[in-house]
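Structure, as structure tokens:
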Ligand SMILES: C[S@@+](CC[C@H](N)C(=O)[O-])C[C@H]1O[C@@H](n2cnc3c(N)ncnc32)[C@H](O)[C@@H]1O
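In our numbering, the protein residues as written are 939 to 1338.
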């Protein structure tokens, strides 16, 4: 009877009915509280529903009941990784691999974890093995291409990127093919698209979310939100909580925190649900929207007195649609405030090896003018550090 209930839960789980599956697992656990399979699966469902605290608790209980189960350990590792406990997650995945050396998914997960920890060179071996064990699959090839890029091996990044593109095309996996093309374009091997693929941005920031604040404000010396706030105040906007504010690409809300003194009410938009979950915890947003800013802006005409984008427009190449959208979303006399990463040269923008776009300031000014935005002020700054090098940029303020 209970085994049948567990099977029903697993079948619902496979169909994507997470709450129905969780309900079955809970009913099993009500009668058999030490059922490791039910604890493990309920933990997986919790993780998929974004409830990381429960996923961590349940996966720990499942592993305590059966410390040698590679499946329980792999799910524990996945929960730890999503919660940002990367070193602990890597240790658990190594336990899985000690039990099952050829578990391709754990090899790929370990490789991605090591890359996230800044150990891209160490990630190459497990990712190469994952590629060997999963012929024709684009995901491990793409992970390998990223690790090679991050460890500075451009040739290996291009080889793996091309193989990932071929595999994705062969499987009709359009979103993965776009990501492989984007990686190749950042290596100068393909023409740059006019924006970073939304799936790439979402996955990047979903996995970064638990560590973002610590990294950015700590080792990367990020202070764009505070500098934008300074410029807004210098332009004559008093920090008297008087404006309807829109924080584009709000991330975890570091920018919202700096903009809060100007906001009677603030909304945030972001592609990444995990970043938004962190932002929600700050308590400074009246509404948070999981959306692409290019779709959100035109649908909110004349709604905001201040629209800001801190460290966001570098995920877009062609800024014309974003600037037109910002102008449209502003009230007459409203203010646009944003940062760009800058470059010299003739082109309007360039995709850098770090997979973000740099823009030529004169071109951005021309686009803003075309969109109907009038320059209030601009300031050249160091936006943050990257691999010990300063990232140069500009902060710009416009009046609608
Ligand atoms: C580097 S973070 C900056 C976050 C925040 N503004 C801050 O200053 O800390 C960039 C954020 O922009 C979001 N983003 C990038 N492109 C986007 C788009 N087209 N639409 C919505 N959000 C986007 C990413 O998901 C990420 O959370």
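Even glycine gets a Cβ: it sits at the ideal position worked out from N, Cα and C.
Predicted, not measured: the structure shown is a model, and the values here were computed from it.
| Asked | Found |
| --- | --- |
| For residue 1314 and residue 1333, believed in contact at Cβ under 8 Å, the rounded distance | With 8 Å as the limit, residue 1333 and residue 1314 do not qualify as a contact, their Cβ atoms being about 11 Å apart. |
| Proximity test, Cβ basis, 7 Å: residue 1189 and chain C | Protein chain content of the structure displayed is limited to a single chain, and chain C is not contained in it. |
| Neighbour-count burial assignment, residue 1113, 16 or more Cβ in a 10 Å radius | exposed |
| Any non-hydrogen atom of ligand 1 within 6 Å of residue 1253 CB | yes |
| Span of the alpha helix (DSSP H), counted from its first residue to its last, around residue 1154 | From DSSP, residue 1154 is part of no alpha helix (DSSP H); its letter is neither H nor E. |
| Residue 1148 versus residue 1188: straight-line alpha-carbon distance, rounded | 15 Å |
| CA nearest to the CA of residue 1274, picked from 1185, 969, 970, 1078 | 1185 |
| Pair within 7 Å by beta-carbon distance, residue 1118 and residue 1099 | yes |
| Endpoints, beta strand (DSSP E) assigned at residue 1185 | 1181–1186 |
| Exposure label - residue 1182; buried when at least 16 CB within 10 Å | buried |
| Terminal residues of the beta strand (DSSP E) in which residue 1269 lies | 1268–1279 |
| Residues that DSSP places opposite residue 1245 in a beta bridge | 1184, 1274 |
| CB-CB length for residue 1231 against residue 1130, believed under 8 Å | Residue 1231 to residue 1130, Cβ: 19 Å. No contact. |
| Closest residue to residue 1285 among 1278, 1298, 1016, 1015 (Cα-Cα distance) | 1298 |
| Heavy atom of ligand 1 within 6 Å of residue 1259 beta-carbon | no |
| Local conformation of residue 1302 per DSSP, three classes | helix |
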